[in-house]
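Sequences listed follow chains R and U, in order.
Heads up: the first sequence begins at -16 in my numbering, then just goes up one per residue.
Heads up: the second sequence begins at 20 in my numbering, then just goes up one per residue.
The structure appears below as structure tokens.
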Amino acid sequence: MELLVFSILAGLALAGAIGVILARNPVYSALGLLLGLSAVAGLFVVLWAEFIAVVQLMVYAGGVLVLFLFVIMLVDLEQRGLDTDAGRIGPQPSPGWRVAAAMLGILFTVFVGALLLQEPAREVPGAGALDAVLRGGGGGGALGNLEHVGQLLYTSYLVPFELASVLLLVAMIGAVVLAHRER
Amino acid sequence: MLELHHVLMVSVAMLGIGTIGMLVRRNAIVMFMSVELVLNAGNLNFIAFSRFLPDPVGQVFSVFVIVIAAAEVAVGLAIVLALYRNRDTVMVDEAARMKW
């Protein structure tokens, strides 16, 4: 079961990665990146890192990807004829896309159904319904637990953590300065 | 049974795809996406070793990798925007003024 879920998610991740570098239209590249990063988040869940999976979804799918799409739309290559493939976006998707969408929908339904049919979580700290599905009774214990990671992050790795926040501040200021248009 | 080398194979495949994308694409935005793929492959390695050692420090490190990636993409895309304003292109081979 664990290996099966891992294989499906790994295939999706690699398919998304290949889509990123093969798509001619950058918007399709961004969508491939979304697929790849979401599948990697699923891989993190399989590897007992639930907290990192949630962070991955929030930071990448929620933040970085929106930033990519904004820049792609600001840059607007299509009007300059630099991207000849862009005209293919239309109201009628091709059959391949329909099949892909249907397969993704079925996959999602199976996942949600497996979660809903699952028995309530056992009394192990850090073991949720997903753990029960994936681990089949094996004990990951507190490895992926938010408490455990947070405790390490705020004790042994406090200085790097604060430095990371400073780095984010510097990056934010730098991005604003670079992208600011002077009038 | 899931083992370490399964994850490492996926990780190295993703690293290879990201590297190829960085080398062959000319669009700077897509090159940044390839960098994200490479960083994710590294993250996957951290998480995999954290799972199989088992040691939660790998997860702490992957948090830092995600932070670095977010900062990198913010600054990088700002540079791409500035490049587009000044040169009207995001293709890296057309921005060759500083090439000697």
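No residue lacks a Cβ here, since even glycine has one placed at the ideal position from N, Cα and C.
The shortest CA-to-CA distance from G15 (chain R) to any of R:V23, R:A(-2) and R:L98 is the one to R:A(-2). Non-local C-beta neighbours of L48 (chain R) in its own chain, meaning closer than 8 Å and more than five positions away in sequence, comprise A13, L16, L17 and L20, ordered along the chain. A67 (chain U) is positioned such that its CB atom lies no closer than 8 Å to that of V109 (chain U). Secondary structure of M110 (chain U) (DSSP, three-state): strand. With fewer than 16 other CB atoms across the displayed protein chains lying within 10 angstroms of its CB, I156 (chain R) is exposed. Within the segment 28 to 55 of chain U, contact with chain R at the beta-carbon level (separation under 8 Å) is assigned to V29, A32, M33, I36, G37, I39, G40, V43, R44, N46, I48, V49, F51, M52, S53 and E55.
Annotated as distal: V38 (chain R) and E(-15) (chain R), with beta-carbon spacing of 8 Å or more. In this structure, the beta-carbon distance from A97 (chain U) to L152 (chain R) does not fall below 8 Å.
DSSP lists U:M110 as the bridge partner or partners of N46 (chain U). Identification of chain R residues near A101 (chain U) by a Cβ-Cβ cut-off of 7 Å yields L161 and A162, ordered along the chain.
With a minimum length of 4 residues, the unbroken runs of alpha helix (DSSP H) contained wholly in the segment 32 to 109 of chain U fall at 47 to 71 and 76 to 106. Here the alpha carbon of E91 (chain U) sits roughly 15 Å from the alpha carbon of S81 (chain U).
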